[in-house]
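Peer 1:
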Amino acid sequence: MNQERLMKILLGPVVSEKGTAAADRFRQFVFRVHSSATKPEIGKAVELMFKVEVAQVRVCNVRGKLKRFRGRMGRRPDWKKAYVTLKQGHDINFTAAVG
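The C-terminal residue of the sequence shown carries number 98 in numbering that gives the first Met the number 0, and the numbering is unbroken.
Structure follows, in C-alpha coordinates:
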(Lines of atoms letter the chains of each structure in order from A and count residues from 1; the text may use other names and numbers.)
(Lines give C-alpha, C1' and ligand atoms only; values in the text may rest on other atoms or scores of the structure.)
Protein backbone atom coordinates (compact mmCIF):
# COMPACT_ATOMS: atom_id res chain seq x y z
CA MET A 1 0.00 0.00 0.00
CA ASN A 2 1.15 3.50 -0.81
CA GLN A 3 2.43 5.30 2.30
CA GLU A 4 1.10 8.64 1.02
CA ARG A 5 -2.42 7.19 0.78
CA LEU A 6 -2.13 5.67 4.27
CA MET A 7 -1.31 9.10 5.71
CA LYS A 8 -4.55 10.53 4.25
CA ILE A 9 -6.92 7.76 5.42
CA LEU A 10 -7.33 8.80 9.06
CA LEU A 11 -9.21 12.09 9.25
CA GLY A 12 -9.33 12.32 13.03
CA PRO A 13 -10.48 10.65 16.25
CA VAL A 14 -14.14 10.66 17.21
CA VAL A 15 -14.34 11.86 20.81
CA SER A 16 -17.63 10.85 22.41
CA GLU A 17 -18.89 9.11 25.53
CA LYS A 18 -19.39 5.87 23.63
CA GLY A 19 -15.88 6.03 22.14
CA THR A 20 -14.29 6.75 25.52
CA ALA A 21 -16.14 3.85 27.14
CA ALA A 22 -15.02 1.50 24.33
CA ALA A 23 -11.41 2.64 24.75
CA ASP A 24 -11.49 2.01 28.50
CA ARG A 25 -13.18 -1.39 28.39
CA PHE A 26 -12.07 -3.02 25.12
CA ARG A 27 -8.98 -1.08 23.87
CA GLN A 28 -11.10 0.13 20.91
CA PHE A 29 -10.49 3.54 19.39
CA VAL A 30 -12.90 5.32 17.06
CA PHE A 31 -11.66 7.24 14.02
CA ARG A 32 -13.30 9.22 11.24
CA VAL A 33 -11.82 7.78 8.04
CA HIS A 34 -11.85 8.49 4.31
CA SER A 35 -15.01 7.17 2.67
CA SER A 36 -13.11 4.92 0.23
CA ALA A 37 -10.83 3.35 2.87
CA THR A 38 -10.84 -0.43 3.36
CA LYS A 39 -10.31 -2.36 6.59
CA PRO A 40 -6.72 -3.44 5.75
CA GLU A 41 -5.81 0.15 4.81
CA ILE A 42 -7.27 1.51 8.05
CA GLY A 43 -5.34 -1.05 10.10
CA LYS A 44 -2.06 -0.25 8.35
CA ALA A 45 -2.66 3.50 8.73
CA VAL A 46 -3.21 3.21 12.50
CA GLU A 47 -0.11 1.05 12.85
CA LEU A 48 1.94 3.55 10.84
CA MET A 49 0.69 6.69 12.61
CA PHE A 50 0.67 5.49 16.23
CA LYS A 51 3.28 2.66 16.25
CA VAL A 52 0.85 0.06 17.67
CA GLU A 53 -0.39 -3.37 16.59
CA VAL A 54 -3.99 -3.65 15.40
CA ALA A 55 -6.02 -6.76 16.22
CA GLN A 56 -9.32 -5.93 14.48
CA VAL A 57 -11.01 -3.19 12.44
CA ARG A 58 -14.77 -2.67 12.20
CA VAL A 59 -16.27 -0.11 9.85
CA CYS A 60 -19.57 1.76 10.04
CA ASN A 61 -21.04 4.06 7.38
CA VAL A 62 -22.77 6.99 9.07
CA ARG A 63 -25.59 8.64 7.14
CA GLY A 64 -25.80 12.42 7.24
CA LYS A 65 -28.63 13.99 9.18
CA LEU A 66 -31.43 15.97 7.64
CA LYS A 67 -31.28 19.57 8.90
CA ARG A 68 -33.38 22.64 8.35
CA PHE A 69 -31.70 25.93 7.41
CA ARG A 70 -33.79 29.07 6.86
CA GLY A 71 -36.89 27.02 6.21
CA ARG A 72 -35.27 24.74 3.65
CA MET A 73 -34.28 21.14 4.19
CA GLY A 74 -30.65 20.28 3.78
CA ARG A 75 -28.54 17.23 4.42
CA ARG A 76 -25.17 16.82 6.07
CA PRO A 77 -22.68 14.64 4.21
CA ASP A 78 -22.33 10.90 4.84
CA TRP A 79 -19.08 9.73 6.48
CA LYS A 80 -17.29 6.55 7.53
CA LYS A 81 -16.33 5.58 11.07
CA ALA A 82 -13.85 2.87 12.07
CA TYR A 83 -13.60 1.03 15.40
CA VAL A 84 -9.99 -0.16 15.77
CA THR A 85 -9.20 -2.79 18.41
CA LEU A 86 -5.57 -2.95 19.55
CA LYS A 87 -3.62 -6.02 20.61
CA GLN A 88 -2.90 -6.68 24.28
CA GLY A 89 -0.29 -4.30 25.71
CA HIS A 90 -0.78 -1.53 23.14
CA ASP A 91 -2.45 1.82 23.76
CA ILE A 92 -2.95 5.16 22.02
CA ASN A 93 -2.58 8.32 24.10
CA PHE A 94 -4.12 11.30 22.30
CA THR A 95 -3.15 13.74 25.07
CA ALA A 96 0.61 13.10 24.84
CA ALA A 97 2.68 15.81 23.22
CA VAL A 98 3.84 14.96 19.70
CA GLY A 99 7.35 15.88 18.67
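No residue lacks a Cβ here, since even glycine has one placed at the ideal position from N, Cα and C.
Quick one: any contact between the region 48-63 and the region 81-89, if contact means 3 or more CB pairs under 8 Å?
Peer 2: In short, these stretches touch, since the Cβ pair count reaches three.
Peer 1: With distances taken from CA atoms, which of C59, Q27, F28, V45 is nearest Q2?
Peer 2: Here residue 2 corresponds to residue number 3 of the sequence shown, with the count starting at 1. The shortest C-alpha separation from Q2 is found at V45.
Peer 1: Cα separation between C59 and R26?
Peer 2: By one-based count along the sequence shown, residue 59 stands at place 60. By one-based count along the sequence shown, residue 26 stands at place 27. Cα to Cα, C59 sits roughly 18 Å from R26.
Peer 1: Would DSSP call M0 helix, strand or coil?
Peer 2: For the purposes of this step, residue 0 is identified with residue 1 of the sequence shown, where counting begins at 1. Of the three classes helix, strand and coil, the one that applies to M0 here is coil, per DSSP.
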